[in-house]
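Just below is one structure, and these are the notes that go with it.
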Amino acid sequence: MSMKKQFALFSTLLLLGSSMPVGAFAEGNNLVAENSSVAETTAEATTAEATETTATSETTEATEESTTETESSTEPSESTTTESTETSGTETTDSTTDSTSTSTTESTTDSTSTSTTESTTDSTSTSTTESSTTPTTTPSSSKEQPKPGTSTSESKQPAKPVTPTAPAEKPVEQPAASTPQPEIVPPVTNATVGLVEDDETFTVSKTKKTEEFIQEIGESARKVAKDKNLYASVMIAQAILESGSGNSKLSQKPNYNLFGIKGDYKGQSVSFITYEDNGFGNLYTVEAKFRQYPTYKESMEDYAKLLKNGLDSNKDFYHGVWKTEAKSYKEATRFLTGKYATDKDYHKKLNALIKTYDLTYYDKEKATVEPMESNFPAYNGKNYDTFNSYAWGNCTQYVYNRITQLGKRVDLTMGNGQDWGETGRARGYKVSRTPKAGAAVSFPAGVLGADNTYGHVAFVEKVFKDGSILISEMNVKGLNIVSTRTISADETHLMNYIVPKDK
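Residues -26 to -1, 1 to 477 in mature numbering (1 follows the signal peptide of the UniProt record, and there is no 0) are what the sequence shown spells out, letter by letter.
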């Protein structure tokens, strides 16, 4: 070596010796070595513990990075070595003591914190501590890519299966319970029962439906009215008007309420929306509970009881309809207006129905008609016309029933009273102008009081020696009323006589 080179080397050594004492450098090297040994031991413990507790790959990577950085710290710059020496001088003993007397987690945290920079210490300390307490570690915020040659399969744990979460079930909305609405009952109009108003007076056009309805309830009304001192004619007329001749929903099965009485009958009722008159001819609707009866009979009995016993607050409320108080049915109907019904014309309508259908017949006691000196048994009152082919309570049905009662036969389709002669001839019946007992006698329209449109038909009860005849007939004095009269010999030739056939 030349002299010049030796001088340069000596100058360099002298310069280094003046800047750092040799003893301190040696001590620093020993501390660095010791720190490096502790760091390596700690890193190995950390790696083993992370493996045992199934730490995630991010923790392992952070620990390996920490180990690498710690090892590389043996060749720091001058300033870094000095800082490491000052920090380690204080914490190395604690680290060693903690390793032997406390948990590995604390030892690992302390020693690792000593050997890494601030950012590395934070990430490693957090990751290592959590891996010691819970199976799942929180990934470091300073996650780095794995170094080449590092086995990913050894550090990463298999992904846990994700348990599918059932979608939240939306509760099934149940439809709101609907409250049954009462049925609306249309009002009974005048036309329903054949009422025609003319200058505040009413007339009635007869209908077959109303006649059949009267036949159905007539005798029951007669009996109930007699027992309760009432007018049967008024009772029947009210039933016709209130129920529309039995056509209203309230009057039909299973309700059988003929008179629109509200409340309940022995606990039975039905709700309806009905129309009522405000007293001035204007209708309005009202929902109410109405009594429900097992048959028409109970309906009429309950009606009669109401009129006889009145209201709880006034027992004499309906006293004006009693026979002992009202001298005629017209007085009774007048009293009902404004009390039983708000319709100001209520009495007029009832009176028209009573007159047209001769309902006063039911105000009298029923009597069996037995023609004087008749050649036949008395009429039994039975209706053999099951389907009412002839109008109930009229002359045609009566003659059919009378002939059938006596064991003979006549057709159900002979026509109106004046038609029986022509129909009989066309069908092979024996028809003549000579009267014969047991024959039907047909009156032309307008003859001897016969109807001007339909004529009339009667039954010959007896032929007298002078040629006069005794006949029985119906609906001359009223609907369904049987009466008798004698036709003089001079008038018998005006009619046709139809001899019934044998059965």
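The C-beta atom is built at its ideal place from N, Cα and C for all residues, glycine as well.
This one's a predicted model, so the numbers in the text were calculated from it and none came from an experiment.
With respect to the C-alpha of Tyr239, the residue from Leu468, Lys279 and Gly218 having the closest C-alpha is Lys279.
If you draw a straight line from the Cα of Ser462 to the Cα of His430, it comes to about 17 Å. Take the alpha-carbon of Gly237 and the one of Ser243: they are about 7 Å apart. Boundaries around Arg459 are those of the beta strand (DSSP E), Val456 to Ile461, since no alpha helix (DSSP H) includes it. Contact between Ala211 and Leu327 holds, with the beta-carbon distance rounding to 4 Å and staying under 8 Å. Within its own chain, the residues whose Cβ lies closer than 8 Å to the Cβ of Tyr230, once the five positions on either side in sequence are excluded, are Gln266, Tyr267, Pro268, Thr269, Tyr270, Glu272 and Ser273, listed in chain order. Note on geometry: alpha-carbon atoms of Ser219 and Lys439 lie some 47 Å from one another.
Secondary structure at Asp440: coil, using DSSP grouped into helix, strand and coil.
Secondary structure of Ala195 (DSSP, three-state): helix. By the neighbour-count criterion, in which 16 or more other beta carbons inside 10 Å mark a residue as buried, Asp276 falls on the buried side.
Close CB contacts of Asn252 within its chain, under the 8 Å cut and outside five residues either way in sequence, are with Tyr258 and Thr316 (chain order).
Per DSSP, the continuous alpha helix (DSSP H) segment holding Ser273 begins and ends at Tyr270 to Asn283. For Phe350, there is no enclosing alpha helix (DSSP H), since its DSSP letter is neither H nor E.
Of the residues Val198, Ser348, Gly294 and Phe350, the one whose Cα lies closest to the Cα of Glu339 is Val198.
Here Ala326 carries a helix assignment [DSSP, helix/strand/coil].
Our two residues, Tyr320 and Leu310, have alpha carbons roughly 8 Å apart in a direct line. If the five residues before and after Gly391 are omitted, its C-beta is found closer than 8 Å to the C-beta atoms of Cys369, Thr370, Ser416, Phe417, Ala424, Asp425, Tyr428, Gly429, His430 and Val431, all from its own chain and listed in chain order.
Contact check for Lys202 against Lys282 passes: the beta carbons are separated by less than 9 Å. Ile247: member of the beta strand (DSSP E) spanning Ser243 to Asp251, first to last residue.
Taking 9 Å as the cut-off, the beta carbon of Asn357 is found closer than this to the beta carbon of Gln189. When DSSP states are grouped into helix, strand and coil, Lys236 belongs to the strand group. The residue from Glu193, Ile377, Val295 and Thr248 with its alpha-carbon nearest to that of Val473 is Ile377. Unbroken beta strand (DSSP E) runs of no fewer than 3 residues, entirely contained in the region 336 to 411, are found at 404 to 406, following chain order. Each residue's CA atom was taken as its position, placing Glu396 and Leu386 some 15 Å apart. Bounds of any alpha helix (DSSP H) do not take in Thr259; it lies within the beta strand (DSSP E) bounded by Leu257 to Arg265.
In the structure shown, the three-state DSSP call for Lys223 is coil. Going by DSSP, Val415 is part of the beta strand (DSSP E) stretching over Ala414 to Phe417.
Of the other Cβ atoms in all chains shown, 16 or more fall within 10 Å of the Cβ of Ala300; this residue is therefore buried. DSSP, read as helix, strand or coil, puts Ala424 in coil. Close CB contacts of Ser348 within its chain, under the 6 Å cut and outside five residues either way in sequence, are with Glu435 and Lys436 (chain order).
Restricting attention to Gly398, Thr175, Ser222 and Leu333, the CA atom closest to the CA of Glu185 is found in Leu333.
Taken atom to atom, the span from the alpha-carbon of Ser406 to that of Gly441 is near 15 Å.
Using a Cβ distance threshold of 9 Å, Leu453 and Tyr335 count as a contacting pair. Judged by their CB atoms, Tyr403 and Lys475 are nearer to each other than the 9 Å cut-off. For Lys410, same chain residues with a beta-carbon under 8 Å away, outside a window of 5 residues either side, are Val434, Val437, Tyr471 and Val473 in chain order. The C-alpha of Ser302 is placed about 34 Å away from the C-alpha of Tyr374.
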